[in-house]
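Asks: Heads up: the sequence shown begins at 3 in this note's numbering, then just goes up one per residue.
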Amino acid sequence: MQLPTLQHNITPTDAFGEGSELVQNALDQNSIDHLIFGTPFQVGTLIIGLVYILFIVRYWDFLRYFIISSIGIHQSNRDKTHINPAEQRNIEVIMIMLGVILLSLTAVRVCGVGFPHLLEGIEPTNVIWIVGGVVLVGLISIILFQYVVLSIASFVCGRTDIGKGLLETKLLYTAVYFVTVIPFGIMFLLSESMMATVGFWGMLLCTLIALIIFVKETFLFFVWQKISILHWFLYLCALEIFPLTLYLAPILRSECL
Numbered sequence: 003m004q005l006p007t008l009q010h011n012i013t014p015t016d017a018f019g020e021g022s023e024l025v026q027n028a029l030d031q032n033s034i035d036h037l038i039f040g041t042p043f044q045v046g047t048l049i050i051g052l053v054y055i056l057f058i059v060r061y062w063d064f065l066r067y068f069i070i071s072s073i074g075i076h077q078s079n080r081d082k083t084h085i086n087p088a089e090q091r092n093i094e095v096i097m098i099m100l101g102v103i104l105l106s107l108t109a110v111r112v113c114g115v116g117f118p119h120l121l122e123g124i125e126p127t128n129v130i131w132i133v134g135g136v137v138l139v140g141l142i143s144i145i146l147f148q149y150v151v152l153s154i155a156s157f158v159c160g161r162t163d164i165g166k167g168l169l170e171t172k173l174l175y176t177a178v179y180f181v182t183v184i185p186f187g188i189m190f191l192l193s194e195s196m197m198a199t200v201g202f203w204g205m206l207l208c209t210l211i212a213l214i215i216f217v218k219e220t221f222l223f224f225v226w227q228k229i230s231i232l233h234w235f236l237y238l239c240a241l242e243i244f245p246l247t248l249y250l251a252p253i254l255r256s257e258c259l
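(1) What residue range does the alpha helix (DSSP H) around A177 cover?
(2) Classify V45 as buried or exposed, calling it buried when 16 or more other Cβ atoms lie within 10 Å of its own Cβ.
(3) Using three-state DSSP, classify S143 as helix, strand or coil.
(4) Taking the alpha-carbon of C239 as reference, which of V178, L152 and T162 has the nearest alpha-carbon?
(5) Suppose you measure from the CA of Y54 to the CA of S230; what does that come to, to the nearest Å?
(6) Would you mind stating whether L191 and L107 have Cβ atoms separated by less than 7 Å?
(7) Would you report the Cα separation of F223 and P42, rounded to the nearest angstrom?
(8) According to DSSP, simplified to helix, strand and coil, what is K228?
(9) By a C-beta neighbour count over all protein chains shown, 10 Å radius and 16 as the cutoff for buried, is L146 buried or exposed?
(10) Here's the rule: buried if 16 or more other CB atoms are within 10 angstroms of the residue's CB, otherwise exposed. What is I132?
(11) Looking at S156 and I164, is the spacing between their C-beta atoms short of 7 Å?
(12) Taking V115 as the reference, which of R60, V183, F186 and F202 has the closest Cα?
(13) At what residues does the alpha helix (DSSP H) containing Y54 begin and finish?
(14) Which residue wins for smallest C-alpha separation from L48, given the options A109, M196, L232 and I184?
(15) If the criterion is Cβ atoms closer than 7 Å, does the pair L105 and I50 meet it?
(16) Under a three-way DSSP split, which group does C113 fall into?
(17) Could you compute how far the alpha carbon of Q77 sits from the alpha carbon of V59?
(18) What is the rounded straight-line gap between the Cα of N79 and the Cα of L173?
(19) One question on the structure: do M189 and M196 come within less than 7 Å of each other, judged by their Cβ atoms?
(20) Determine the burial state of F186: buried for a count of at least 16 other Cβ atoms within 10 Å of its Cβ, exposed for fewer.
(21) Cα-Cα, which of A212, S193 and L168 is closest to Y237?
(22) Tell me the rounded alpha-carbon separation between Y249 and L52.
(23) Return the CA-CA distance between Q26 and C113, expressed in angstroms with no decimal places.
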């Protein structure tokens, strides 16, 4: 004969009085707070800010020119600046590297504050390295995938000029995007309450504007090259949307579960 089991669902307040809470929950919250505002997190953010300021001071005329001109002038119709192509490419690559690292730290902050259950099973001191590392590797993998596929496709089709033009457009507008989003990102990472909210929504607004401008620029590039709009649509689906969905699908699936 199986005896019935009795289960009682009581809260810490019912058992130990007012002001009581589970020790494990308090430790988890303290660990998350230490993770977000700890020394490695702040040092990484401050290094990004310092390098960003140095580049703004050094190449202000160049960056201002492309930010303003990217709003309404198609790249193929722009006048050349005094920056030579090799130096321009170095600026774009460095700004993209800073932006990718910033997005990795942003993912750590978002997970720590908004989705702490995604960090279950990870030591609090390792979260910044594991989550940041996964995001960093994922973003770099997407960039390499797009570069390799675009290079191979343009070579097979015998139109390397189109592949080169799309790569230059993508590098330029990705760099311009990070120039505008990094200040809001630093505000979001180092601030609390109201300022962090302003930084977060500023990042989303910059992202939306950058996406609209990039879609417009790629569309005009295909029109200027007299390529079918169908090929432009296939390019967006295969090289821009597909890698992101492939990368974000496991995260969204785990969140739904």
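Positions of the beta carbon are idealized from the N, C-alpha and C atoms, including for glycine. All of these numbers come straight from a predicted model, not from anything done at the bench.
Replies: Reading it off the structure:
(1) T162 to L192
(2) exposed
(3) helix
(4) L152
(5) 39 Å
(6) yes
(7) 42 Å
(8) coil
(9) exposed
(10) exposed
(11) yes
(12) F202
(13) T41 to R60
(14) I184
(15) no
(16) helix
(17) For Q77, the predicted structure reports a pLDDT of 49, less than 50, and the residue's modelled location is therefore unreliable. The matter cannot be settled from this model.
(18) Interpretation of N79 is limited by its pLDDT of 47, a score under 50 that renders its predicted location unreliable; the figure taken from the coordinates is listed afterwards. If you take the alpha carbons of N79 and L173, they lie about 17 Å apart.
(19) no
(20) buried
(21) L168
(22) 30 Å
(23) Note that Q26 has pLDDT 48, beneath the 50 cutoff, so the model's placement of it is unreliable and the number below is only indicative. The straight-line gap from Cα to Cα measures roughly 19 Å.
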